[in-house]
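Structure first, then comments.
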Amino acid sequence: MRLSRRLRNQRAADHQLSANQLGVMATLNRHGVLTIGEIAGFEKVRPPSTTRTVTSLEELGLVVREPHPTDRRQVLVRLADEGRRILAEDRKRRDAWLARRLHELPPEEKEILRSAAPILERLAAS
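To convert a position in the sequence shown, counted from 1, into the numbering used here, add 30.
Printed below as a string of structure tokens:
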């Protein structure tokens with residue numbers, strides 16, 4: 031939790047995006063164009079929460095809603111160019127901070143982290 035908080039502190043001060051907003055943007059970046067229900071499934075939240083998050087991101091010009099080609103009851107959401115830019119800058123800043131911290135570790139601790147990474151990935155995906 032503390033590492034996650036430290037990484038969040040590396041975000042740019044010029045945008046005030048919430049963790050939920052950044053999570054939705056990252057999901058769209060990773061998986062492409064999705065429905066609200068699909069985003070909610072990836073984010074492990076309810077569709078009404080996702081709708082509110084997507085609406086706020088759309089108002090900021092960070093995502094775009096498009097009509098679903100076969101189901102008029104649904105919409106598709108894609109990451110806008112500005113959203114992609116902000117997400118990339120955010121990731122670059124956090125990655126740089128983490129790389130500096132990892133560089134300071136002794137080789138044996140780096141190896142422990144290398145061994146633990148696949149386990150942490152599986153836990154995060156469950």
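Where a beta carbon is used, it is the ideal one built from N, C-alpha and C, also for glycine.
Taking the alpha-carbon positions, what's the residue i to residue j distance?
| i | j | result |
| --- | --- | --- |
| arginine 36 | serine 145 | 22 Å |
| leucine 109 | valine 63 | 8 Å |
| leucine 128 | phenylalanine 72 | 25 Å |
| arginine 103 | proline 97 | 9 Å |
| valine 136 | threonine 100 | For the sequence presented, residue 136 should be read as proline rather than valine. Cα to Cα, proline 136 sits roughly 55 Å from threonine 100. |
| leucine 150 | leucine 143 | 10 Å |
Once the 5 residues before and after residue i are set aside, which same chain residues still bring their CB inside 8 Å of it?
| i | result |
| --- | --- |
| glutamate 89 | none |
| valine 84 | Val54, Ile66, Ile69, Val93, Arg95, Val107 |
Among the options, which one has its Cα closest to the Cα of residue i?
| i | options | result |
| --- | --- | --- |
| arginine 95 | Arg41, Ala56, Ile66 | Ile66 |
| lysine 74 | Pro148, Glu139, Val54, Arg131 | Val54 |
| threonine 81 | Pro99, Val107, Arg60, Ala56 | Val107 |
| alanine 56 | Pro77, Arg121, Val105 | Arg121 |
| arginine 114 | Leu52, Gln46, Arg41 | Leu52 |
From which residue to which residue does the alpha helix (DSSP H) around residue i run?
| i | result |
| --- | --- |
| leucine 132 | 111-133 |
| arginine 32 | 32-38 |
| arginine 95 | Looking at the DSSP string, arginine 95 is not in any alpha helix (DSSP H); the run it does join, the beta strand (DSSP E), is 93-97. |
| leucine 52 | 49-61 |
| threonine 100 | Taken as a continuous stretch (DSSP letters only), threonine 100 belongs to no alpha helix (DSSP H), as it is neither H nor E. |
| lysine 74 | No alpha helix (DSSP H) holds lysine 74; DSSP gives it neither H nor E. |
| serine 156 | Counting along the chain, serine 156 falls outside any alpha helix (DSSP H), and DSSP gives it neither H nor E. |
Keeping to the same chain, check which residues put their C-beta closer than 7 Å to that of residue i; ignore five residues upstream and five downstream.
| i | result |
| --- | --- |
| serine 48 | none |
Can you name, in chain order, every residue of its own chain whose Cβ lies under 6 Å from the Cβ of residue i, other than the five neighbours on each side?
| i | result |
| --- | --- |
| arginine 123 | Gln40 |
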